[in-house]
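So the sequence shown is numbered by numbering that gives the first Met the number 0: it starts at 0 and just counts up by one.
Backbone N, C-alpha and C fix where the C-beta goes; we use that ideal spot for every residue, glycine too.
Before any comments, here is the structure.
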Amino acid sequence: MNEEKKKGMLAFFLWQYRWVALLFAAFAGIFALVFSLYDLEAEAVWYAAGLCLLLAVVVLGVQLARLGKRHRDYRKMLADLPLLPEELPEPRTLEEADLQEMVRRLRQMGEDSGNRWQARWRDSLDYYTTWVHQIKTPISVMRMTLEGEDTEEHRELSSQLFRIEQYVEMVLSYLRLESDSSDYVFQEYDLDSILRQAIRKYAPLFVRQRVRLVYEPVRRTVLTDEKWLLFIVEQILSNSLKYTRSGSVTITVSPDAVLRIADTGMGIAPEDLPRIFEKGFTGYNGRADKKSTGLGLYLCRMAAERLSHRIWAESQPGKGTSVFLDLHREALEVE
Numbered sequence: 000m001n002e003e004k005k006k007g008m009l010a011f012f013l014w015q016y017r018w019v020a021l022l023f024a025a026f027a028g029i030f031a032l033v034f035s036l037y038d039l040e041a042e043a044v045w046y047a048a049g050l051c052l053l054l055a056v057v058v059l060g061v062q063l064a065r066l067g068k069r070h071r072d073y074r075k076m077l078a079d080l081p082l083l084p085e086e087l088p089e090p091r092t093l094e095e096a097d098l099q100e101m102v103r104r105l106r107q108m109g110e111d112s113g114n115r116w117q118a119r120w121r122d123s124l125d126y127y128t129t130w131v132h133q134i135k136t137p138i139s140v141m142r143m144t145l146e147g148e149d150t151e152e153h154r155e156l157s158s159q160l161f162r163i164e165q166y167v168e169m170v171l172s173y174l175r176l177e178s179d180s181s182d183y184v185f186q187e188y189d190l191d192s193i194l195r196q197a198i199r200k201y202a203p204l205f206v207r208q209r210v211r212l213v214y215e216p217v218r219r220t221v222l223t224d225e226k227w228l229l230f231i232v233e234q235i236l237s238n239s240l241k242y243t244r245s246g247s248v249t250i251t252v253s254p255d256a257v258l259r260i261a262d263t264g265m266g267i268a269p270e271d272l273p274r275i276f277e278k279g280f281t282g283y284n285g286r287a288d289k290k291s292t293g294l295g296l297y298l299c300r301m302a303a304e305r306l307s308h309r310i311w312a313e314s315q316p317g318k319g320t321s322v323f324l325d326l327h328r329e330a331l332e333v334e
């Protein structure tokens with residue numbers, strides 16, 4: 000216990016037992032008054048007061064030591080709050096018994112509220128999961144209809160339909176990332192396989208927007224979850240294509256397993272760059288585009304944190320943006 004905490008506990012103790020000092024002073028005053036009325040020696044009063052004071056100091060010293068021990072025990076219990084009600088010491092006073100009963104009831108209320116919230120969240124997740132799968136059917140029918148003819152109008156409609164599919168998938172990803180879902184399968188995956196899946200998905204947009212893709216196979220494996228790493232890569236590619244009117248998007252991986260997706264788009268304003276991974280933040284480009292939700296990069300950060308990957312970005316307005324994803328893992332040694 001540091002000095003500040005000791006001083007704070009001592010101040011609290013003195014305030015708690017201030018009535019003892021007041022009572023002692025009152026008794027000493029009464030004795031002094033009685034002795035003076037009977038013309039007795041004042042020395043006897045001072046002697047008795049000194050003995051009483053000595054006894055009070057001893058008793059209060061023992062109480063202070065007990066208070067310190069009890070305070071340390073409570074602080075240790077606070078380190079593991081879920082077990083706190085079961086490990087509370089036996090109450091020494093009626094007031095402590097009442098307070099412990101309040102703690103138990105508050106814990107029960109919190110558990111009941113948490114269970115209700117979890118049930119509502121599961122219901123919402125089940126509903127939106129069902130909705131996503133149901134909405135995919137008319138989307139697939141529309142896509143098949145549009146593939147029947149190759150006209151400019153049909154290509155534009157196909158492009159917008161692709162955006163709808165993205166937003167539908169984003170709804171489900173948002174719900175899963177915001178929940179306590181354990182939908183993760185960690186193992187060694189071929190990074191090229193994951194990157195190629197994302198590239199194939201966005202290939203029509205690269206062609207339509209006449210944006211060049213620069214990618215060379217990296218030939219390495221990474222310890223991650225394939226589905227969620229693919230989601231991150233797809234979101235980054237989506238942003239790159241959204242804000243790159245012409246030029247290229249380059250995918251590289253450094254020797255220390257840092258994935259870099261760089262574009263030659265409009266870039267990000269310096270004042271916006273520190274906040275691009277915040278929930279709902281659209282920045283200057285998003286406000287100008289009028290279509291940004293401010294969720295894509297936020298979900299990327301959430302997914303990266305769940306996978307223990309670090310994500311960050313560098314950008315220069317007018318020159319482009321680079322998003323980095325650190326896929327490096329420390330090797331574990333078995334002793």
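Supposed close pair residue i, residue j - CB separation, criterion 8 Å
| i | j | result |
| --- | --- | --- |
| residue 127 | residue 184 | Between residue 184 and residue 127 the Cβ distance is about 22 Å, and since that is not below 8 Å, they are no contact. |
| residue 168 | residue 138 | Incorrect: roughly 11 Å between the Cβ atoms, too far for contact. |
| residue 157 | residue 298 | Rounded, the Cβ-Cβ distance is 24 Å, inconsistent with contact. |
| residue 257 | residue 160 | So it is not a contact: roughly 34 Å between Cβ atoms. |
| residue 43 | residue 23 | That belief does not hold up - the Cβ atoms of residue 43 and residue 23 are roughly 17 Å apart, past 8 Å. |
| residue 307 | residue 259 | Between residue 259 and residue 307 the Cβ distance is about 19 Å, and since that is not below 8 Å, they are no contact. |
| residue 145 | residue 301 | Actually they are not in contact, since the Cβ atoms of residue 145 and residue 301 sit about 33 Å apart, beyond 8 Å. |
Backbone CA spacing between residue i and residue j [nearest angstrom]
| i | j | result |
| --- | --- | --- |
| residue 210 | residue 203 | 10 Å |
| residue 120 | residue 328 | 33 Å |
| residue 304 | residue 20 | 57 Å |
| residue 141 | residue 275 | 34 Å |
| residue 240 | residue 277 | 20 Å |
| residue 219 | residue 253 | 11 Å |
| residue 422 | residue 263 | Given a span of 0 to 334 for the chain in the structure shown, any question on residue 422 remains unanswerable. |
| residue 309 | residue 106 | 36 Å |
| residue 230 | residue 66 | 55 Å |
| residue 48 | residue 11 | 25 Å |
| residue 194 | residue 111 | 44 Å |
| residue 129 | residue 243 | 34 Å |
| residue 166 | residue 282 | 19 Å |
| residue 51 | residue 109 | 49 Å |
| residue 330 | residue 186 | Bear in mind that the predicted position of residue 330 carries a pLDDT of just 49, short of 50, making it too unreliable to give a figure here. |
| residue 317 | residue 249 | 16 Å |
| residue 131 | residue 89 | 54 Å |
Exposure of residue i, with buried meaning 16 or more beta-carbon neighbours within 10 Å
| i | result |
| --- | --- |
| residue 233 | buried |
| residue 68 | exposed |
| residue 162 | exposed |
| residue 192 | exposed |
| residue 314 | buried |
| residue 143 | exposed |
| residue 96 | exposed |
Proximity winner among the options, relative to residue i (alpha-carbon distances)
| i | options | result |
| --- | --- | --- |
| residue 64 | 30, 74, 45 and 9 | 9 |
| residue 197 | 147, 178, 73 and 228 | 228 |
| residue 265 | 207, 247, 71 and 276 | 247 |
| residue 213 | 219, 148 and 251 | 251 |
| residue 236 | 261, 107 and 92 | 261 |
| residue 174 | 145, 221, 146 and 125 | 125 |
| residue 221 | 293, 90 and 189 | 189 |
| residue 99 | 87, 152 and 108 | 87 |
| residue 151 | 270, 273 and 208 | 208 |
| residue 388 | 302, 296, 306 and 14 | One cannot answer for residue 388 here, as it falls past the ends of the chain, which runs 0 to 334. |
| residue 62 | 33, 28, 94 and 15 | 15 |
| residue 255 | 270, 324, 201 and 29 | 324 |
| residue 182 | 224, 268, 206 and 217 | 224 |
Segments of 3+ residues assigned as beta strand (DSSP E) that fall wholly inside the segment 242-294: 246-252 and 257-262
Complete alpha helix (DSSP H) runs within the segment 27-57 (minimum length 4 residues, chain order): none
3-residue-minimum beta strand (DSSP E) runs that sit fully inside the segment 190-237, ordered along the chain: 210-214 and 220-224
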